[in-house]
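Residues 0 to 336 in numbering that gives the first Met the number 0 are what the sequence shown spells out, letter by letter.
For each residue, glycine too, the CB sits at the ideal point set by N, CA and C.
Predicted model only: the values in this text are computed from it and were never measured.
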Amino acid sequence: MALMQGRSEELVIAADEAGERLDRVLAARVAELSRSRHKALILAGRVAIDGATIRDPSHRVNAGGTIMLDLPPPEEAEVGPENIPLQVVFEDDELIVIDKPKGLVVHPAAGNWTGTLVNALIAHCGESLSGVGGVKRPGIVHRLDKDTTGLMVAAKTDHAHHALSRQFADHGRTGPLRRGYLAFVWGAPDRPRGTVDKPIDRHPRARDKMAVREGGREAVTHWQLLERYLGTDGAPVASLLACRLETGRTHQIRVHLAAIGHPLLGDEVYGAGFRTKAAHLAPEARSALAALGRQALHAYLLGIAHPSQGKDLEFRSELPDDLSRLRHSLGAQGTLA
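This is the structure we're talking about:
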């Protein structure tokens with residue numbers, strides 16, 4: 000068996016990164032690894048700035064400095080294959096695009112060591128699955144929440160993993176990456192489109208939640224009003240928004256829409272205070288919402304550049320049955336473009 004080699008990443012700190020924590024800069028620039036993984040590498044002495052080893056993840060960086068990140072070789076995956084059905088939208092030798100169902104956790108973590116998308120991908124892709132990204136998340140370059148449905152791409156080779164990770168780190172600012180979501184929210188915005196530009200960080204008291212917080216990481220969500228639904232009193236009670244991400248923070252859409260007073264239907268974490276609004280829904284809509292059992296969010300659009308072929312790929316996903324039922328019960332007419 001050939002010895003697996005590690006690699007080094009050299010990064011020049013940009014002007015807009017000055018004063019940021021080292022672990023945050025690395026997590027944004029080398030997005031294939033989680034922030035916790037970057038912290039572990041810093042503590043292990045695998046990160047240097049201008050030749051000096053830095054062992055403090057909270058070290059504040061200066062513009063123009065050069066970061067050297069020494070990455071160890073990928074470890075053999077400890078997670079095993081599981082025969083979990085996948086809805087494959089596209090697949091070739093380098094990548095696979097799937098339409099994720101609700102209830103499927105993306106990668107193993109505390110409380111979910113089996114039954115994840117990674118287990119399914121290992122079974123489906125076998126030896127071709129990329130080991131880059133850590134033991135628990137081979138091939139994974141981005142995530143969807145457990146109960147968010149829709150399109151995801153995973154890498155099957157190291158080359159594809161690096162290429163896709165760069166695209167997701169850029170968030171489509173200069174490249175072809177596009178991520179679109181359909182979000183059913185309480186209430187209706189008073190204008191046709193808008194942008195939420197509010198920093199996000201861990202909630203100060205509930206560590207499993209995120210929150211808009213001064214000093215948090217930059218987070219930008221663009222939204223467009225597609226449909227408005229009236230309640231039993233004739234006033235707008237809910238609406239359908241199309242959202243596009245310019246950054247990729249944990250729970251970003253859920254946090255941002257709640258912050259502007261329009262949390263997702265069915266979101267028990269960020270929209271619990273809106274439960275009483277269900278009384279304004281027609282009986283069929285109340286029933287559809289009660290049966291949903293999750294936040295009403297679907298990743299319907301994914302656009303990427305193929306890692307090797309030099310062409311742009313775009314995929315679209317129809318609303319799953321539970322969200323389609325919710326939409327029509329709310330009084331939707333016609334079909335989505």
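- Between the alpha carbons of PRO235 and THR275 lies a gap of roughly 15 Å.
- In the three-state reduction of the DSSP assignment, ARG201 falls in the strand class.
- Segment contact: the stretch 220-240 against the stretch 276-284, three or more CB-CB distances shorter than 8 Å; contact assigned.
- Fewer than three Cβ pairs drawn from the stretch 284-304 and the stretch 195-208 lie within less than 8 Å of each other, which leaves the two stretches out of contact.
- Taking 3 residues as the shortest admissible run, the stretch 33-73 contains the following complete beta strand (DSSP E) segments, listed from N- to C-terminal end: 46-48, 65-70.
- Straight through space, the alpha carbons of THR249 and VAL104 are spaced by roughly 14 Å.
- The stretch 166-173 makes no contact with the stretch 316-333: fewer than 3 CB pairs, one atom from each, lie closer than 8 Å.
- In this structure, LEU244 sits away from LEU225, with a CB-CB distance that is not shorter than 8 Å.
- For SER286, the enclosing alpha helix (DSSP H) starts and ends at 282-291.
- Looking at the backbone, the Cα of ASP92 and that of ARG190 are separated by about 45 Å.
- In this structure, the alpha-carbon of GLU313 lies about 34 Å from that of PRO71.
- The stretch 278-297 makes contact with the stretch 142-154: 3 or more CB pairs, one atom from each, lie closer than 8 Å.
- Out of HIS158, ALA122, THR115, the CA that lies nearest to the CA of LYS145 is found in THR115.
- Assignment of ASP144 by DSSP, reduced to helix, strand and coil, places it in the coil class.
- SER164 and GLU31 do touch by the CB rule: their CB atoms are close to 4 Å apart, below 8 Å.
- Taking C-beta atoms as the reference points, ILE12 and VAL24 count as a pair closer than 8 Å.
- Separation of ALA17 and HIS58 (C-alpha to C-alpha, rounded to the nearest whole angstrom) is 11 Å.
- For ASP311, the enclosing beta strand (DSSP E) stretches over residues 311-315.
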